Structures are given as structure tokens and as C-alpha cells.
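Protein chains in written order, with this note's numbering: chain P, 5 to 153; chain B, 5 to 153.
Beta carbons are placed, not taken as given, at the ideal position from N, Cα and C, and that holds for glycine.
Just so you know, these numbers come straight off a predicted model, no measurement behind them.
One structure is given below, encoded as C-alpha cells.
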DNA sequence: GTACAACTTAAAGTACACTTGAAGTCAAGA
DNA sequence: TCTTGACTTCAAGTGTACTTTAAGTTGTAC
């Protein structure tokens, strides 16, 4: 059983066949050999898909995974590519964590807020709620201006 | 200066005029009065936009913000609506934080990894890297099967 | 030989929050 | 009056990672 159909690969990898065709079309996966029109894969493709899965779990986009797998030319090792990309991605992920934690704080303040109308609630001004049982001042950043579009 | 043009409101709120028209079209913003075809806003719209901004920072979608502002009928106070929605949203945000922290761990393991080829690196198998200076075992969850699509 | 499942392609669809473009209207200053 | 900039509507486009659909082909079991 050295050959796998696309359905078999998809089932083992927990993907849909359409995802495998998509990965092939964007260059993440090498084109497998064919008989007539059908694709037949070596079992090693499952390892490649595992690499892709880990990269996705790390937050890389499909385009970035393409660079990870094939970018920078053959002189650069995969490990070096991963490290270069990971070093660039880490601040993004840290920013995501900070944003999500800020969301959580806003939600928790809202849960503890006793204001009846939004307008009387100073959460809106970025200074925490005045009427609720929580009086803890939130993180810095005066309200009013959002990120420039 | 009791009236603001759409450009003026947009500038003060840090948005584009198109965003205000979009908010109006999906019901987040009341339709302002018009002279001829042009929109003229009361300054109070800035407070409404601030509420929308806070809700967005809390992770609510535009549809959810619509419920927040107008949903459940008039018998329910805005505060009660916020609390109902925030209680439902909090687990989502906590899951987002957990996912992002998992991403960060994967990236950091990769940065400390000394493997030359992906295939020799056991990060792929979900057990951390064997060759690198870090020997810390990662979180649970055996590799192989991803979330069902 | 026939039925049926699994495969093939290309194009379009999905979700979200807007933005962009085209073509036209309006207000204000010189 | 003319110009210029800001506005109007409506439709289509953006980015991401795929999925879905349609229409046709192939492999396998009976």
C-alpha cells in the first residue's frame, strides 16, 4: 500500500480532498504523480501535511508557509527559514494575545457594570465603569481615537 | 456648530465616511437628517460611535453590536443586553487567548530548535523538538488528527 | 455490462467589515 | 460663473482559506 488516493490522504490528515487540491494549487504541496487524471500520493505526504498543520497552528498564513517550505532558495535550511519567520511572527502573536486580553478586560468590566444607559457609563470614555462594583482603572490609552484606517 | 458633515464625523471618530454609511446601512447608526441628499449629524453621534468602538474592542461583531444597541425589544435595558452578550462572548475570547498562547509556544519551540530538516523534528509529531536546547514537553494533544472540517 | 462511488476541472461562493470605483450632484469660495 | 472639493448612490472588490457546485470521467464491485 505505497499509494494513497486523495480521499485516503484527506481522511488520514483530517482534511477534505478540496483542501489538498487547494494546497497543491498554491504550491504548498508538490503535484503527485497521476494515472489518467487521478492523483496518487506517497505516504510521505502525510508528514508534509503535518508540517503544514504545525505551521498553521503557529499562526502562519498559507503564503508564509509557502516561504517556509520553499522560500529563500536551497542554500538556506528549513530550520533557518523557520527561525527567521518565527522571529518575525512572534511579535504579531504577542500583539494578538495582548488584544485578546484587552477584550477580556472590557467584557469583564461590562459584566460588573451597573449603568443603565451606555452614555452614563464611563467605560465608553476608556476609564472603567463608575456605577458598577468594580472600581479598578483599566489599562492606559485615552479613549476617542482609534487606529487610523 | 451643532451640525457635522459625514467627513467631519469620520475625522473625529478616526473612521472613513464609507464606514459611517456602512454602519447606517446595517442599522448600527440611526439615519441622520438630510438637506438635499447630504447627511448632517448631531454631535451625539460621536458618543454612539464610541460605544460601537468599545464593543468592537471587546470582540463583538457588527451583527452582535446591532443586538447590543437595539435587540431584545425596549423592555430590556442596554446594560442587561451588554451583560447577556458579554457572558456569551467571554468564553470565545478566552478560547482565542488560549489559541494564541499555544501559537506562541509553537513559535518559541521552533526558535530554540536545532533540527535541520522538518522531518527529523519531533515538533511535527506534537512532542517538542529533540535536537534543540529546549527539552520541555509541550501541551497535551497527540499529533495526527486536526479538528474535523 | 451496469451501477455507483470516487475522482476530475473551473468557476463561483462563503464570512466579515468595510473600501473602491463610477458617474453624478451639491456647496462654497474666487 | 467657474472651479474645486466634498458629497451622493449602487455595485463590485478586498483578503483569507478554503468549500461548493456543475458537469463530466474513471475505477471497482457485482
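Residue range of the beta strand (DSSP E) that residue i falls in?
i: residue 44(P); result: 42-44
i: residue 121(P); result: No beta strand (DSSP E) holds residue 121(P); DSSP gives it neither H nor E.
Quick one: what's got a C-beta closer than 7 angstroms to residue i's C-beta in the same chain, skipping five residues either side?
i: residue 35(P); result: 28
i: residue 37(B); result: 44
i: residue 66(B); result: 30, 32
i: residue 52(P); result: 33
i: residue 18(P); result: none
If I'm right that residue i touches residue j with Cβ under 8 angstroms, what's the distance once you round it to whole angstroms?
i: residue 92(B); j: residue 72(B); result: Not quite, the Cβ-Cβ distance comes to about 11 angstroms (not below 8 angstroms), so this is no contact.
i: residue 16(P); j: residue 50(P); result: 6 angstroms
i: residue 110(B); j: residue 61(P); result: 6 angstroms
i: residue 154(B); j: residue 114(P); result: This structure does not reach residue 154(B), given that chain B is present from 5 up to 153, and the question cannot be answered.
i: residue 104(B); j: residue 104(P); result: 6 angstroms
Using a Cβ-Cβ cutoff of less than 8 angstroms, which residues in the same chain neighbour residue i once the five nearest sequence positions on both sides are dropped?
i: residue 7(B); result: 44, 45, 46
i: residue 89(P); result: 64, 68, 71, 72
i: residue 150(P); result: Caution applies to residue 150(P), whose pLDDT of 31 falls short of 50 and renders its modelled position unreliable; the value that the coordinates give is listed next. Excluding residues within five positions, none has a Cβ falling inside 8 angstroms.
Can you name, in chain order, every residue of its own chain whose Cβ lies under 6 angstroms from the Cβ of residue i, other than the five neighbours on each side?
i: residue 20(B); result: 14
i: residue 31(B); result: 70
i: residue 101(P); result: none
i: residue 10(B); result: 21, 24, 43
i: residue 143(B); result: Only weak support is given to the placement of residue 143(B): the predicted model assigns it a pLDDT of 29, under 50, and the value that follows is read from those uncertain coordinates. So the list is empty, once near-sequence residues are dropped.
i: residue 74(P); result: none
Are there 16 or more other CB atoms within 10 angstroms of the CB of residue i, so buried, or fewer, so exposed?
i: residue 63(P); result: buried
i: residue 82(B); result: buried
i: residue 120(P); result: exposed
i: residue 84(P); result: exposed
i: residue 57(B); result: buried
i: residue 97(B); result: buried
i: residue 54(P); result: buried
i: residue 118(B); result: exposed
i: residue 99(B); result: exposed
Tell me the residue span of the alpha helix (DSSP H) that contains residue i.
i: residue 20(B); result: Careful: residue 20(B) lies outside any alpha helix (DSSP H) and carries neither H nor E.
i: residue 112(B); result: 82-115
i: residue 73(P); result: 66-74
i: residue 58(P); result: 49-61
- Message: Beta carbons nearer than 8 angstroms to chain P: which residues of the region 41-59 of chain B have them?
- Response: Residues of the region 41-59 of chain B with a C-beta atom less than 8 angstroms from some C-beta of chain P are 51, 54, 55, 57, 58, listed in chain order.
- Residues in the region 73-90 of chain P with C-beta within 7 angstroms of chain B's C-beta atoms, listed in sequence order? Per Cβ criterion, the list reads 81, 82, 83, 86, 87, 90.
- Task: Check each residue of the region 95-112 of chain P: if its Cβ is closer than 8 angstroms to any Cβ of chain B, include it; give the result in chain order.
- Result: Here the close residues are 97, 98, 100, 101, 104, 105, 106, 107, 108, 110, 111, 112.
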